[in-house]
Amino acid sequence: MKKKRIYLDYASTTPVDPRVFDYMKKYFFQKFGNPMSLHSFGREADEAIETARKQAADFFGCEKDEIIFTSGATESNNLAVKGTAIADSLRTKGSPRPHIITTSIEHSCILSACQALADRGMAEITYLPVGSDGLVRAIDIEKSLKPNTLLVSIMYVNNEIGTIQPIREVGKIIEKANKNRDRKIIFHTDATQAISYLDCRIENLGVDLLSMSAHKIYGPKGIGCLFIKKGTPIKRIQDGGGQEFNFRSGTHNVPAIAGLGKALELVETERKKVYKMVEKLRDYMISRIMKEVSGVKLNGSKIKRSPNNANFAFKDVEGEGLLLGLDLEGVAVSTGSACSSGDLRPSHVLAAIGLSDEESHGSMRITLGKYTTKQEIEYFINALKNTVSRLRKIAGK
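Below, the structure written as structure tokens:
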């Protein structure tokens, strides 16, 4: 009998939607040209890129030339953080080094990019704390602004605990502050986990820079984009042939770019339906787990949370053992960010919301997607109960 396989790790990556894959296929075989070439093959490829650029611009409510294609959110985030710092250093020679504000629960690529600038003496960094609910207070951002503040980078939806940050409120604070400043504050958000479920129109968020990856929205891996508002001072961090308006050199990955555009188009048409379906299943799952499994608590805010995310701490259970036990039952979940799965240190996100090392090591992230069914959730809950019980018996608890 074939073993059941259930995927509940959609925050890590998503399967490519068959409609996206079908749309991409022709750019591997029939229309495979280099878009920088002037002949008909190149023009076909360039047309695919510009179609995807328009799809992205329509999704975010911006101009086409404000969309820059990258290899994914990690590159987009590095370009946002380092590119603004480089531009500032060129523009304000002799001035105090720029000040960057971010939070203690950002994705590791943001934290690492900020640390890299600090290590080189190119920026001073403020890492704002969050409450036990995993939310940063907009007032803390306002209080942290300095005359030399260059950039505020706040993740829209946290990748581990799914908390939704007050991006609009922060945007209004920055807009107000900029009215009395010569050195404008740039506002960036990593919206990677928000695209499938939340409003990401630029005018509503008030951001100057926005990052995302296609593989979180049923598109291909290795492709993403960065929205750069016109007039935002930012310099490239990669040199070469001058592609992407000279912001990101390198031969275009045409099939992936086409897939990104198609994936965004599908999200726009299906978001409300998927949101309701996923949230209903997620809430059902949380309710049953909280009632039927002892010694468990939900990490982060239950209300201001992405509809597909649930992160639990299980008492007297080791998270890695729980993950592997569930994997033996055919269920795929996560103990935290997939990008840091090889790191044995406690999650920096869970530490930031006040969990002890023991609680952090006993935590598990479950993320649902548009292909998740109630039958899969039922199977998962039963497998979870059995696995937790077995692990606690082994531990003598």
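Going left to right, the sequence shown walks through residues 184 to 580 as the numbering used here numbers them.
Quick reminder that beta carbons are idealized off the backbone N, C-alpha and C, glycines included.
Using a 10 angstroms sphere on the CB of Asp192, the tally of other CB atoms reaches 16 or more, which defines it as buried.
For Gly407, DSSP records a beta bridge to Thr253 and Ser396. DSSP places His544 in the helix class (H, G or I) of the three-state scheme. Ile417 is positioned such that its CB atom lies no closer than 9 Å to that of Leu318. Taking C-beta atoms under 8 Å as the contact rule, Ile564 and Met473 fail to qualify, at a distance of about 11 Å.
At a Cβ-Cβ threshold of 9 Å, Met219 and Gly444 do not count as neighbours. The continuous stretches of beta strand (DSSP E) do not include His290, and DSSP gives it neither H nor E. For Phe563, there is no enclosing beta strand (DSSP E); the enclosing alpha helix (DSSP H) has its first and last residue at Lys557 to Ile577. The C-alpha of Arg465 is placed about 15 Å away from the C-alpha of Glu343.
For Ser336, the secondary structure class from DSSP, reduced to helix, strand or coil, is strand.
Contact annotation: the segment 225-233 does not touch the segment 382-394, with fewer than three C-beta pairs closer than 8 Å. Note that the segment 323-332 touches the segment 294-314; at least 3 beta-carbon pairs, one per stretch, sit closer than 8 Å.
For Ile536, no beta strand (DSSP E) encloses it, and the DSSP letter there is neither H nor E. For Ser530 and Glu541, the gap between their C-alpha atoms comes out near 11 Å. Beyond the five residues adjoining it in sequence on each side, Glu289 comes within less than 6 Å, by CB distance, of Met338 in the same chain, given in chain order. Assignment of beta-bridge partners to Asn492 by DSSP yields Thr550. Going by DSSP, Glu451 is part of the alpha helix (DSSP H) stretching over Val437 to Glu475. DSSP places Phe212 outside any beta strand (DSSP E), giving it a letter other than H or E.
Annotated three-state conformation of Ile378 is coil, per DSSP.
In its chain, beyond the 5 residues on either side, Ile369, Phe370, Lys412 and Thr415 have a beta carbon closer than 6 Å to the beta carbon of Asp391. Under the three-state reduction of DSSP, Ser272 is assigned to helix. The beta-bridge partner set that DSSP reports for Lys480 consists of Ala496. Judged by DSSP secondary structure, Asp373 falls within the beta strand (DSSP E) whose first and last residues are Ile369 to Asp373. Across the structure, Ser287 and Phe212 are spaced so that their CA atoms are roughly 45 Å apart. In this structure Gly266 does not touch Ile406 by the C-beta definition: roughly 19 Å separates them, more than the 8 Å allowed. If you ignore the 5 residues before and after Lys187, its C-beta comes within less than 6 Å of the C-beta of Gly513, all in its own chain and listed in chain order. Minimum Cα-Cα distance from Arg202 among the listed residues Ala239, Gly402, Ile189 and Cys245 corresponds to Gly402. In the three-state DSSP reduction, Asp200 falls in the coil class, being neither helix nor strand.
Under the DSSP assignment, Thr309 falls outside any alpha helix (DSSP H), being part of the beta strand (DSSP E) whose first and last residues are Glu307 to Leu311. Between the segment 476-491 and the segment 448-466 there are three or more C-beta pairs closer than 8 Å, enough to call the two in contact. Counting only the Cα atoms, Ile440 lies some 14 Å from Gln426.
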